[in-house]
Amino acid sequence: MSDKDILEILGEKVALGQSATVTFEVAKLHTRNTLDVPIIIERSKKPGPTVLITAGIHGDEINGVEIVRQIIAKGINKPKKGTIICVPVINVFGFLNMDRLFPDGRDLNRVFPGSSNGSLASRVAHFVMKEIIPHVDFVMDFHTGGADRFNAAQIRITKGNPRLAELAHIFGAPFIYYSQNLNKSFRNACSKLGVPMLLFEGGKSFNIHDTITNTAVNGAKRVLHHLGMLSSKFKVSQPKTQAIIIEDSKWLRAKFSGMFKPTVAINSYVEKGDVLGNITDPYGSFNHFVKAPNTGYIFNVNESPIIYQGDAIFHISTKVKND
17 MSDKDILEIL
27 GEKVALGQSA
37 TVTFEVAKLH
47 TRNTLDVPII
57 IERSKKPGPT
67 VLITAGIHGD
77 EINGVEIVRQ
87 IIAKGINKPK
97 KGTIICVPVI
107 NVFGFLNMDR
117 LFPDGRDLNR
127 VFPGSSNGSL
137 ASRVAHFVMK
147 EIIPHVDFVM
157 DFHTGGADRF
167 NAAQIRITKG
177 NPRLAELAHI
187 FGAPFIYYSQ
197 NLNKSFRNAC
207 SKLGVPMLLF
217 EGGKSFNIHD
227 TITNTAVNGA
237 KRVLHHLGML
247 SSKFKVSQPK
257 TQAIIIEDSK
267 WLRAKFSGMF
277 KPTVAINSYV
287 EKGDVLGNIT
297 DPYGSFNHFV
307 KAPNTGYIFN
317 VNESPIIYQG
327 DAIFHISTKV
337 KND
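Be aware that the sequence shown starts at 17, since it is given in our numbering, and climbs by one per residue.
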């Protein structure tokens, strides 16, 4: 990993030992106001890796934004060596509107690497890939579950990448989930350029959860410490448990519509046939028990009180290993 003396983003030059906040103008609104994405840059006097920390690709994933906010507020982003770039809210449109998507209905995480003359979402993706990623050695991107589905704290990586596996274990989330890079996702675009990424998932949309937030902030500190970038004023804790590696999994879908009450806690290990929750109707005449189809870990739970037939209600591992 290397670090140039001068980092230039959007024409603004930031030397070693300097700090800067560069703003990217996403769009000029019809009210003549501009909508900007702040990019917070902290550089040590000592050369080293450049780490990018991002959140808010989906505007409703507030917990991810809170994680990066805490990293900045606590000064974790001020490196002992190298450079840390933080973008707490990439999809500022969605964040303002409390919407997962861009105003044009596009999912930012499905348009990478983007285009300079494409849709609004595509232009933002293009900016990230053109102006920021060329400077970056490593990325930590923070997400949450959507549509009332609460994710256990987990790091998602592709299988067969020893470097990512090492960093995922150092991060120390309860689960490491092997998942393929989705076409046109931020992670896939970075992978194609040889920039490794740890993608964190935890919590659910429209929610800030203290345990999830603490897990993520502590994980980021461990990774930065491993890279020799974390200030010595911060303590680094050991993970509470050894990570469970989920090699394969499946979604349990509701067989009936109705009122839904999960009774199993997130992160739980369950045996085949265990009751996970129940689906009822408002009239007291129907009660369906949802049972585990196999032994495994429950690492996502739908917390919506009303569900429809076919809705994803539990994510359960089908193949795991301990390292």
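Ideal Cβ placement from N, Cα and C applies to all residues, glycine included.
The alpha helix (DSSP H) enclosing residue i, as first and last residue numbers
| i | result |
| --- | --- |
| Lys237 | Asp226 to His242 |
| Ser35 | Not the alpha helix (DSSP H): Ser35 falls in the beta strand (DSSP E), residues Ser35 to Lys44. |
| Ala205 | Phe202 to Lys208 |
| Ile56 | No alpha helix (DSSP H) holds Ile56; the beta strand (DSSP E) holding it covers Thr50 to Arg59. |
| Leu112 | Val108 to Asn113 |
| Phe128 | Careful: Phe128 lies outside any alpha helix (DSSP H) and carries neither H nor E. |
| Leu180 | Pro178 to Phe187 |
Among the options, nearest to residue i - alpha-carbon criterion
| i | options | result |
| --- | --- | --- |
| Val53 | Glu147, Asn234, Leu32 and Arg59 | Glu147 |
| Val152 | Val103, Ala181, Asp164 and Phe118 | Val103 |
| Gly188 | Ala168, Met275, Phe222 and Thr231 | Thr231 |
| Arg126 | Asn283, Asp264, Val252 and Ala205 | Ala205 |
| Leu180 | Asn167, Gly300, Met213 and Tyr193 | Met213 |
| Gly326 | Ser333, Ile192, Ile92 and Ile295 | Ile295 |
| Pro298 | Leu26, Gly289 and Pro321 | Pro321 |
| Leu117 | Met145, Gly162 and Lys94 | Gly162 |
| Pro255 | Lys237, Glu24 and Lys288 | Lys237 |
| Arg269 | Asn316, Ser35 and Thr227 | Asn316 |
| Ile69 | Phe302, Ile260, Gly235 and Lys251 | Gly235 |
| Ala168 | His242, Arg59, Val144 and Ser284 | Ser284 |
| Ile106 | Pro65, Lys61 and His142 | His142 |
| Ser207 | His242, Pro129, Ala184 and Arg139 | Pro129 |
| Thr174 | Asp157, Leu198 and Phe166 | Leu198 |
| His241 | Asn93, Ile57, Arg48 and Arg59 | Asn93 |
| Val140 | Phe166, Ser201, Val81 and Gln196 | Ser201 |
| Ile25 | Ile57, Gln196, Lys61 and Val211 | Ile57 |
| Lys61 | Leu45, Phe302 and Leu32 | Leu32 |
Residue interval of the beta strand (DSSP E) (run including residue i)
| i | result |
| --- | --- |
| Gly218 | Met213 to Lys220 |
| Leu68 | Thr66 to Ala71 |
| Val252 | No beta strand (DSSP E) holds Val252; DSSP gives it neither H nor E. |
| Thr99 | Thr99 to Val103 |
| Phe191 | Phe191 to Tyr194 |
| Lys29 | Glu28 to Ala31 |
| Leu23 | Ile22 to Ile25 |
Rounded C-alpha distance that separates residue i from residue j
| i | j | result |
| --- | --- | --- |
| Val336 | Gln258 | 13 Å |
| Met17 | Met275 | Here the model assigns Met17 a pLDDT of 41, short of 50, so the residue's position is not dependable, and the following value carries that caveat. So the alpha carbons of these two residues sit roughly 53 Å apart. |
| Leu215 | Ala89 | 21 Å |
| Glu28 | Ile73 | 24 Å |
| Gly312 | Ser253 | 28 Å |
| Ile83 | His159 | 10 Å |
| Leu124 | Ser221 | 16 Å |
| Pro63 | Pro95 | 10 Å |
| Pro178 | Ile323 | 40 Å |
| Val30 | Pro190 | 37 Å |
| Lys288 | Lys307 | 8 Å |
| Ile100 | Lys251 | 19 Å |
| Thr50 | Phe40 | 10 Å |
| Ile138 | Glu182 | It should be pointed out that residue 138 corresponds to Ser in this sequence rather than to Ile. Spanning the two alpha carbons is a distance of roughly 32 Å. |
| Gly176 | Gly300 | 50 Å |
| Asn113 | Val286 | 39 Å |
| Met145 | Asp157 | 14 Å |
| Thr47 | Gly218 | 36 Å |
| Asp19 | Ile228 | Low per-residue confidence applies at Asp19: pLDDT is 47, beneath 50, and the placement is therefore not dependable enough to give any value. |
| Ile71 | Ile282 | First, the amino acid is wrong: residue 71 is Ala here, not Ile. Spanning the two alpha carbons is a distance of roughly 23 Å. |
| Glu263 | Tyr194 | 5 Å |
| Phe340 | Asn223 | An answer regarding residue 340 cannot be provided, because it is not within the stretch 17 to 339 covered by the chain. |
| Ile260 | Val81 | 26 Å |
| Asp115 | Phe302 | 35 Å |
Proximity below 7 Å, CB of residue i to CB of residue j
| i | j | result |
| --- | --- | --- |
| Phe154 | Val42 | no |
| Arg122 | Ser135 | yes |
| Ile314 | Val280 | yes |
| His225 | Asn338 | no |
| Val233 | Ile186 | no |
| Met245 | Gly91 | no |
| Pro119 | Phe111 | no |
| Asn318 | Asp76 | no |
| Val38 | Ile22 | no |
| Ser333 | Ser248 | no |
| Gly293 | Pro278 | yes |
| Ile171 | Ile149 | no |
| Leu243 | Pro65 | yes |
| Phe330 | His304 | no |
| Gly267 | Ala328 | A small fix is needed here, since residue 267 is Trp in this sequence, not Gly. Yes, they are a contact pair. |
| Arg59 | Gln34 | yes |
Any non-hydrogen atom of the ligand GTP within 6 Å of residue i CB
| i | result |
| --- | --- |
| Asp153 | The ligand content of the structure shown is nil, which means the ligand GTP is not present either. |
As an exercise, report each continuous beta strand (DSSP E) stretch of at least 3 residues that is fully enclosed by the region 130-166, in chain order. 154-161
Where in the region 258-328 do unbroken runs of the alpha helix (DSSP H), each at least 4 residues long, occur, reported from the N-terminal end onward? none
Please give the ranges of any alpha helix (DSSP H) in the region 71-97, keeping only runs that are unbroken, at least 4 residues long and fully inside the region. 78-89
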